[in-house]
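Residue numbers (full-length UniProt numbering): 1 to 552.
Just so it is clear, CB atoms sit at the ideal spot from N, CA and C, and this is done for glycine as well.
First the structure, in the form of structure tokens, and then the observations on it.
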DNA sequence: TTGTGCCTC
DNA sequence: CAACGAGGCACAA
């Protein structure tokens with residue numbers, strides 16, 4: 001919700017690079033507005049500012065990229081295209097084999113969450129256009145405000161020009177966190193392992209819940225279950241939620257937007273239903289395709305998922321492996337990972353702050369020291385130390401740079417972090433933002449050899465157990481999958497596992513050998529697809545991981 | 001490894 | 001007057 005996604009920069013001719021600031025109006029509650037008038041006001045308020053100039057420069061870079069892409073495209077021979085199409089068709093067959101229609105995934109999204117909470121707690125606001133945030137930036141707006149073009153990721157002072165009577169309420173994170181906890185309690189009734197994507201959004205797999213109901217003689221449809229869940233959320237929080245029900249997270253997310261607010265949408269678990277749904281879907285609706293990707297693909301004539309399929313040979317020939325793999329998954333309506341909110345290990349911790357632009361060295365040093373102390377506290381709270389310190393800074397022209405340095409030993413000492421970060425600070429620049437990040441994280445609480453990933457994971461589990469059982473479980477799952485490619489050095493017994501395709505037992509004789517074995521199996525499966533129908537869902541999961549590794 | 005860019009909420 | 005903050009991943013050199 002609190003989107004930072006840049007205001008949609010719709011296609012604009014290179015000649016007049018105006019329109020860089022255009023309103024992003026393809027979200028819920030924004031249909032049928034006088035966008036011309038709104039855009040004019042936004043343009044007016046932005047023109048000439050450093051931010052605006054930065055946006056323009058950025059758009060020019062994108063335009064150059066597009067020109068490049070088009071040039072490469074024009075050079076392609078028919079021969080190459082034919083080959084590219086064949087490659088993609090082969091990949092598509094593999095993906096098709098892994099298509100899993102056995103699960104019922106739900107994406108739940110609270111409606112205008114922060115704004116809804118504030119309206120609930122202050123009824124006078126209900127009839128007024130209001131937004132949560134500050135004059136510098138809004139995180140959410142209510143539906144009344146959206147009629148004026150006021151939306152998340154818009155600076156409050158511009159929103160005021162669009163809607164002078166707009167009430168701006170400051171954010172109250174502790175409150176939203178508390179409400180979020182209540183909502184998540186309801187989620188847990190339907191999937192104890194649900195995965196929270198943010199305070200107001202989560203992915204649930206209700207397959208087992210539905211089976212349990214049926215076994216108990218109280219069968220209900222997915223739609224009924226989700227209606228009930230949303231009613232429970234309303235009851236316990238007085239807030240409405242929208243939901244999407246689909247065979248995978250990627251599609252469920254799109255579906256939850258369909259009948260927003262206070263609605264839901266079911267996509268049947270059949271290939272036909274999925275392909276019909278995906279056909280005319282604008283690619284921008286898919287999580288992971290943002291402003292830039294939309295423009296790049298748009299320049300190739302790709303606007304919908306069907307276009308993605310029709311032009312698949314171009315994707316293969318012009319983009320990286322992980323990109324065309326992802327695009328093909330989208331074109332086929334097959335979920336990918338990460339986009340479905342699966343839990344991941346934390347890789348970094350950071351603090352940053354924006355301030356009135358200055359070039360005063362001592363002032364900047366003070367800010368870095370402050371940030372370093374804040375970061376040290378966060379690390380302390382999380383029970384982590386780290387070995388890499390990154391300094392991030394943004395100039396008054398909005399250019400962002402990062403510099404990184406390695407420490408000799410992992411630390412969470414604020415003074416040590418500050419010293420490292422200060423050494424990265426360039427002199428004589430006008431800056432408006434500074435940030436300090438710690439990465440290469442390790443857990444220091446293990447005495448002695450603190451680099452053992454085995455011990456680290458164990459400790460993470462202990463820490464996680466305190467906060468959320470579902471997360472703990474997911475971590476353990478991740479650990480199991482890791483053992484597939486990273487044999488635990490502390491054990492001497494060789495690991496055994498079954499090939500997800502042929503189900504034969506294999507020893508862990510290395511990732512390469514394993515992958516080539518699976519490749520062989522898959523190729524055979526493509527020739528004899530009928531043999532795959534027996535594959536159970538757990539082998540599906542392993543296959544998914546296999547593809548992740550290959551894509552990398 | 002270092003640094004940038006894109007993307008998400 | 002005035003355009004966030006935190007985090008992950010891909011990619012290139």
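**Message:** Taking 8 Å as the cut-off, does the region 257-271 touch the region 118-138 (at least 3 CB pairs, one atom from each stretch)?
**Reply:** no
**Prompt:** Between the C-alpha atoms of residue 560 and residue 434, what's the straight-line distance to the nearest angstrom?
**Reply:** Since the first residue shown for the chain is 1 and the last is 552, residue 560 is missing from the structure and cannot be characterised.
**Message:** I'd like to know if the region 268-285 and the region 132-149 are in contact, where contact means that at least 3 CB-CB pairs between them fall below 8 Å.
**Reply:** no
**Message:** Assuming residue 227 is part of the beta strand (DSSP E), what are its boundary residues?
**Reply:** Locating residue 227 in the first chain gives position 227, counting from the first residue. No beta strand (DSSP E) contains residue 227, which is instead part of the alpha helix (DSSP H) from 222-237.
**Message:** Please identify the residue among 242, 200, 220 whose C-alpha is closest to the C-alpha of residue 208.
**Reply:** Here residue 208 refers to the residue found at position 208 of the first chain. It is 220 whose Cα lies nearest to the Cα of residue 208.
**Asked** For residue 31, which three-state DSSP category applies?
**Response** In the first chain, the residue the question calls residue 31 occupies position 31. Correct three-state label for residue 31: coil.
**Message:** Give me the residue from 383, 375, 438, 362 with the minimum Cα distance to residue 431.
**Reply:** The residue labelled residue 431 in the question sits at position 431 within the first chain. Answer by Cα proximity: 362.
**Opposing strand residues paired with residue 109 [DSSP bridges]** = As a position in the first chain, residue 109 is number 109, starting the count at 1. Paired residue(s): 201, 242.
**Asked** Going by the beta-carbon positions, is the gap between residue 91 and residue 325 smaller than 9 Å?
**Response** As a working mapping, residue 91 is identified with position 91 in the first chain. As a working mapping, residue 325 is identified with position 325 in the first chain. Yes; because the gap between Cβ atoms is below 9 Å, this pair is in contact.
**Request:** Check whether the Cβ atoms of residue 245 and residue 353 lie closer than 9 Å to each other.
**Result:** Position 245 of the first chain, counting from 1, holds the residue named residue 245. Position 353 of the first chain, counting from 1, holds the residue named residue 353. No, Cβ-Cβ distance for residue 245 and residue 353 is not below 9 Å.
**Message:** Among 66, 56, 37, 59, whose alpha-carbon lies nearest the alpha-carbon of residue 300?
**Reply:** Translated into the one-based positions of the first chain, residue 300 becomes position 300. Selected option, being the one with the closest Cα: 66.
**Request:** Spatial neighbours of residue 233 within its chain, please: CB distance less than 6 Å, with the 5 preceding and 5 following residues excluded, ordered by chain position.
**Result:** As a first step, residue 233 must be located in the first chain, where it is residue number 233. Taken in chain order, the residues that qualify are 183, 186, 241.
**Message:** So, at 6 Å on beta carbons, what are the nonlocal neighbours of residue 302 in its own chain, with the 5 sequence-adjacent residues on each side left out?
**Reply:** Taking the first residue of the first chain as position 1, residue 302 is located at position 302. 308, 311, listed in sequence order.
**Asked** Does DSSP put residue 123 in a helix, a strand or coil?
**Response** For this step, residue 123 is matched to residue 123 along the first chain. Three-state result, residue 123: helix.
**Item:** According to DSSP, residues forming a beta bridge with residue 195
**Value:** Position 195 of the first chain, counting from 1, holds the residue named residue 195. Its beta-bridge partners are 203.
**Asked** Can you round the beta-carbon distance between residue 389 and residue 438 to whole angstroms, since I take them to be within the 8 Å contact cut?
**Response** Position 389 of the first chain holds residue 389. Position 438 of the first chain holds residue 438. That pair is a contact at about 6 Å.
**Prompt:** Out of 334, 162, 58, 20, which has the shortest C-alpha to C-alpha gap to residue 97?
**Reply:** For the purposes of this step, residue 97 is taken as the residue at position 97 of the first chain. Ranking 334, 162, 58, 20 by Cα distance to residue 97 puts 334 first.
**Asked** In the DSSP assignment, what residue or residues form a beta bridge with residue 167?
**Response** On the first chain, residue 167 is found 167 positions in, with the first residue counted as 1. DSSP output for residue 167 lists 130 as bridge partner(s).
**Request:** Give the single residue among 375, 365, 239, 414 whose Cα lies nearest to the Cα of residue 120.
**Result:** On the first chain, position 120 is the one that residue 120 refers to. Measuring from the Cα of residue 120, the nearest candidate turns out to be 239.
**Residue interval of the beta strand (DSSP E) (run including residue 391)** = Taking the first residue of the first chain as 1, we reach residue 391 at position 391. Taken as a continuous stretch (DSSP letters only), the beta strand (DSSP E) holding residue 391 covers 385-395.
**Asked** Between residue 72 and the rest of its own chain, which residues show a CB-CB distance below 7 Å, the 5 nearest in sequence each way excluded?
**Response** For this step, residue 72 is matched to residue 72 along the first chain. Result list for residue 72: 318, in chain order.
**Message:** Once DSSP output is grouped into helix, strand and coil, what is the label at residue 20?
**Reply:** For the purposes of this step, residue 20 is identified with residue 20 of the first chain, where counting begins at 1. DSSP places residue 20 in coil when its eight states are reduced to three.
**Prompt:** Would you call the CB atoms of residue 253 and residue 203 closer than 9 Å?
**Reply:** As a working note, residue 253 is residue 253 in the first chain. As a working note, residue 203 is residue 203 in the first chain. It is a contact, given that the beta carbons lie within the stated cut-off.
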